[in-house]
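> Okay, so the sequence shown: first residue is 237 according to the numbering used here, each after it adds one.
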Amino acid sequence: RLIRRGDKTALTELYDDAALDLSRLAADVFPAELIADLEAALEAAEAVLNDADATQADVDAAQAALQAAWDALKAYPVNSAYTDIPDGQWYTDAVDFVTRYGFMNGVGSGLFHPGDNVNRAQFVTILYRMAGSPAVTIDNPFEDIPDAQWFSDAVVWAYEKGITTGTDESHFSPALTCNRATVVTFLYRAFGEPAVESSSNPFQDVPAGGWYTAPILWAVEQNITNGVSADSFAPDQNCSRAQIVTFLYRA
237 RLIRRGDKTA LTELYDDAAL DLSRLAADVF PAELIADLEA ALEAAEAVLN DADATQADVD
297 AAQAALQAAW DALKAYPVNS AYTDIPDGQW YTDAVDFVTR YGFMNGVGSG LFHPGDNVNR
357 AQFVTILYRM AGSPAVTIDN PFEDIPDAQW FSDAVVWAYE KGITTGTDES HFSPALTCNR
417 ATVVTFLYRA FGEPAVESSS NPFQDVPAGG WYTAPILWAV EQNITNGVSA DSFAPDQNCS
477 RAQIVTFLYR A
């Protein structure tokens, strides 16, 4: 009897996507059984993909099991770890995103502190984690960045990538609070300083030719931010944790 082999195209795509997502997740914020279930479903799917005689029923069953395990992980409410992140706030999904992938953590005791400010060391560390925490290949140019601090590699990486040049030639000022102009500028540079398509500037407090003008206009084009009002961006205003995670989530 002829057994028709299954079409593995959709299962292959699902396997690749789920495996990549699992590799990026911060596993410690999830119940161990959800991680184990997805790992087992990936292993079972891999066995089907490697089985030349797998039938369509085999493929469909592996695909359904893998999708269910991945969906369960995606549905897990990582924000339940925080008592100060209510559902339905403008930053709720963004906090879920940065927590889920380990880009940011809470401050302890079940708190995220969305209204707290973020300093320069903290923000470049977030960008560094989002880039996969790559190896640093240059020497540290900054006198105020000691070796082996939690932010040392992130700062040197950001300098190497042109995300920051420091506050002067030999200082980074890691404890300096980030304002909105600095955050969108660092983010813009992290994305490779893409061209800004529109020359229209809706903000009265963003001068033409400023060091942060192109980054702000880019952020508006990309719907990362719309400013604090229709004609004001407030570039010097401190950027809170809630604002920063929202910028990152939209980017």
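All C-beta atoms, glycine included, are put in the ideal place defined by N, C-alpha and C.
1. If I measure Cβ to Cβ from Ala-263 and keep anything under 6 Å in the same chain, skipping five residues before and after, which residues do I get?
2. Please state if the CB of Pro-471 and the CB of Asp-442 are separated by a distance shorter than 9 Å.
3. Alpha carbon to alpha carbon, how far is Ile-362 from Ala-268?
4. Which residues in the same chain have their Cβ closer than 7 Å to the Cβ of Tyr-491, if we skip the five residues on either side of it in sequence?
5. Please name the residue or residues paired with Leu-347 in a DSSP beta bridge.
6. Relative to the C-alpha of Asp-253, which candidate in Ala-317, Leu-302, Val-284 has its C-alpha closest?
7. Can you tell me whether Gln-440 is buried or exposed, with buried defined as 16 or more other CB within 10 angstroms of its CB?
8. Mapping DSSP to helix, strand and coil, what is Ser-476?
9. Start and end of the alpha helix (DSSP H) containing Ala-290?
10. Keeping to the same chain, check which residues put their C-beta closer than 8 Å to that of Asn-353; ignore five residues upstream and five downstream.
The short version:
1. Numbered from its first residue, the sequence shown carries residue 263 at position 27. Around Ala-263: Ile-271.
2. One-based indexing of the sequence shown puts residue 442 at position 206. One-based indexing of the sequence shown puts residue 471 at position 235. A quick correction: the sequence has Val, not Asp, at residue 442. In this structure, Pro-471 lies closer than 9 Å to Val-442 by Cβ.
3. Walking along the sequence shown from the start, residue 362 turns up at place 126. Walking along the sequence shown from the start, residue 268 turns up at place 32. Their Cα atoms are separated by approximately 25 Å.
4. With the chain running from 237 to 487 in the structure shown, residue 491 is simply not present.
5. Position 111 of the sequence shown, counting from 1, holds the residue named residue 347. Leu-347 is bridged to Gly-344.
6. Locating residue 253 in the sequence shown gives position 17, where the first residue counts as 1. Looking at the Cα atoms, Leu-302 is the closest of the given residues.
7. Translated into the one-based positions of the sequence shown, residue 440 becomes position 204. Its Cβ having fewer than 16 others within 10 Å, Gln-440 is exposed.
8. Mapped onto the sequence shown, residue 476 falls at position 240. Strand at Ser-476.
9. Reading the sequence shown from its first residue, position 54 is the one you call residue 290. Counting along the chain, Ala-290 falls outside any alpha helix (DSSP H), and DSSP gives it neither H nor E.
10. Locating residue 353 in the sequence shown gives position 117, where the first residue counts as 1. Only Thr-413, Cys-414, Asn-474, Cys-475, Ser-476, Arg-477 meet the Cβ criterion.
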